[in-house]
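Visitor:
Chains as they are written, first to last, in the working numbering: chain A, 1 to 389; chain B, 1 to 122.
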């Protein structure tokens, strides 16, 4: 072979190999745990659970020491998602119930602490759990996140709630039922005049789980909510829910968006599997793919806007939150290929800590996630057993 | 690898030599020489990628040590520039490793092996 022919052959082989590696290696490396998560690998699930059990233990120590406490909206969601994820694990692995149910209960109770709902108390100028507010028409839908966590922890724990918490929980669910029944739009407000279908889905989920705990099914209320979702909250063109609406008139105050729809699909699953499936169909249409990686486009076709606290950063139209939220409905509703693509993206940007996670008692975490990111991913990656029959 | 001694004291091995006559005299095993050339070629092909991999590993360890459980944002959603900077550096290097350094290294390895094979036949 002549030297020039040899050089040409080298170049062709090198470029072809580089191109092939570029296409195959990232998707294989970032997808190495995707099947495990989709199929419910006990090693993976347990390792991430242990990370969050550790977080709750540290939070207990911090509170006992009286030093700075983790509180506010992010803390509420973090404790809520830890409780939901652990309860889901107790359902899929009953042998872990004795170990994880008490931690789920602790996390749920923590999400119900007054300092966790300060942001809502401030917005309304009243505490959602004061007797006069519970008897009134104000929605306070954000507190359904905590109520859902309390309900799920009750489903897997044999230990009763403290009497005052039980009374607050029952009164809150009764108030939600009354408010939903009285709503002409199937919406109740989170903040004065503002309703978020995602939060209302959490309200429906909390009512449904309360029904499972108490064996009082609240069917009429949940059917009315489901009808309202289909009639006025889902944009027929995109299949996404409007991110924010007027609680009284049902008029859209924001575009149909995937971040709200993704989380709503997860919460709706607790109450009504068919609504969760409908919302998942909308999210599926928003998927964008590149070399085996998937991301969820935030805004419905014909709409555009910036990122915000709901969507997280929006990069080339793809929302960080919507992408993460999609893991739950994709897993719970059986969309393996889409789950795999979204998980690869999660792995790529989550910087998973794989060192030592396979050890007994070993932990697994997504380094960039922090407590809230890991708690959210924990609940979404283990979603499935909580879905209503 | 000049100076690598063989069984024949008068014939120091020079990999730039054309393989052939001397092999029989030296007692050097042809497979070992080819293997050595392959190993060195692969090493030089992947050397740039090793530097990027090392930088990625170090930045990830540094990010993990400063962020602890915190992730990119602190629990109260505030931003620590050092944590965010190291996190973004680790993420950038991860993207570089997966989509630039390793594909180029793989291409260089294959090109080197193909070159060795082609030269061996000529």
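Backbone N, C-alpha and C fix where the C-beta goes; we use that ideal spot for every residue, glycine too.
Source: prediction; values computed, not measured.
(1) Using a cut-off of 8 angstroms between C-beta atoms, extract the partners of residue 99(B) located in chain A.
(2) Are residue 247(A) and residue 188(A) closer than 8 angstroms when you measure CB to CB?
(3) Are the C-beta of residue 367(A) and some C-beta of chain B separated by less than 8 angstroms?
(4) To which residues does DSSP link residue 365(A) through a beta bridge?
(5) Along the stretch 36-56 of chain B, where does the CB come closer than 8 angstroms to a CB of chain A? Name the residues.
(6) So, does the stretch 99-113 of chain B touch the stretch 6-17 of chain A, judging by three or more C-beta pairs under 8 angstroms?
(7) From the DSSP output, in three-state form, read off residue 129(B) for me.
(8) Please go through the stretch 195-229 of chain A and give each complete alpha helix (DSSP H) segment of 4 or more residues, from N-terminal end onward.
(9) Using a Cβ cut-off of 8 angstroms (strictly closer), state whether residue 1(A) contacts chain B.
(10) Write down the C-beta distance between residue 86(B) and residue 56(B) rounded to the nearest angstrom, noting that I regard them as a contact closer than 8 angstroms.
(11) Counting only the same chain and skipping the five closest in sequence on each side, list residues whose C-beta sits under 7 angstroms from that of residue 120(A).
(12) Give the secondary structure of residue 27(B) by DSSP, where H, G and I count as helix, E and B as strand, and everything else as coil.
(13) Does chain A have any CB closer than 8 angstroms to the CB of residue 87(B)?
(14) For residue 1(B), is the classification buried or exposed, using 16 other Cβ atoms within 10 angstroms of its Cβ as the cut-off for buried?
(15) Quick check on residue 81(B) - is its C-beta less than 8 angstroms from some C-beta in chain A?
(16) Flag residue 34(B) as yes if its beta-carbon sits less than 8 angstroms from any beta-carbon of chain A, otherwise no.
(17) Which residue spans inside the stretch 253-310 of chain A form an unbroken beta strand (DSSP E) run of at least 3?
(18) How close, in whole Å, do the beta carbons of residue 66(B) and residue 83(B) come, if the pair is a contact with beta carbons under 8 angstroms?
(19) Might you give, ordered along the chain, the residues of its own chain that have their beta carbon closer than 6 angstroms to the beta carbon of residue 101(A), omitting 5 neighbours on each side?
(20) So what's residue 112(A) in DSSP terms, helix, strand or just coil?
(21) Note down the Cα distance separating residue 276(A) from residue 330(A), rounded to an integer number of angstroms.
(22) If contact is defined by three or more beta carbon pairs under 8 angstroms, each pair taking one atom from either stretch, is the stretch 41-51 of chain B in contact with the stretch 344-351 of chain A?
(23) Determine the contact status of residue 375(A) and residue 81(A), defining contact as a CB-CB distance below 8 angstroms.
(24) Nearest CA to the CA of residue 194(A): which residue from 261(A), 88(A), 252(A), 39(A)?
(25) Are there 16 or more other CB atoms within 10 angstroms of the CB of residue 37(A), so buried, or fewer, so exposed?
(26) At which residues does the alpha helix (DSSP H) containing residue 96(B) begin and terminate?
(27) Give the range of the alpha helix (DSSP H) segment to which residue 331(A) is assigned.
(28) Where does residue 386(A) land, buried or exposed, given buried means 16+ other C-beta within 10 angstroms?
Guide: Working from what's here:
(1) 22, 26
(2) yes
(3) yes
(4) 353(A)
(5) none
(6) yes
(7) Chain B is shown from 1 up to 122; residue 129(B) falls before or after that span and cannot be answered.
(8) 197-214, 219-228
(9) yes
(10) The C-beta distance from residue 86(B) to residue 56(B) rounds to 12 angstroms, too long to meet the 8 angstroms contact threshold.
(11) 128, 140, 142, 143
(12) Caution applies to residue 27(B), whose pLDDT of 47 falls short of 50 and renders its modelled position unreliable; the model cannot decide the point.
(13) yes
(14) Low per-residue confidence applies at residue 1(B): pLDDT is 36, beneath 50, and the placement is therefore not dependable enough to give any value.
(15) Taking Cβ atoms only, chain A never reaches closer than 8 angstroms to residue 81(B), which makes this a no.
(16) no
(17) 287-290, 293-297
(18) 5 angstroms
(19) 90, 156, 157
(20) Shown here, residue 112(A) sits in coil according to DSSP, grouped into three states, outside any helix or strand.
(21) 10 angstroms
(22) no
(23) yes
(24) Checked all of 261(A), 88(A), 252(A), 39(A); the closest Cα to residue 194(A) is 252(A).
(25) It counts as buried.
(26) 81-96
(27) Counting along the chain, the alpha helix (DSSP H) containing residue 331(A) begins and ends at 327-332.
(28) buried
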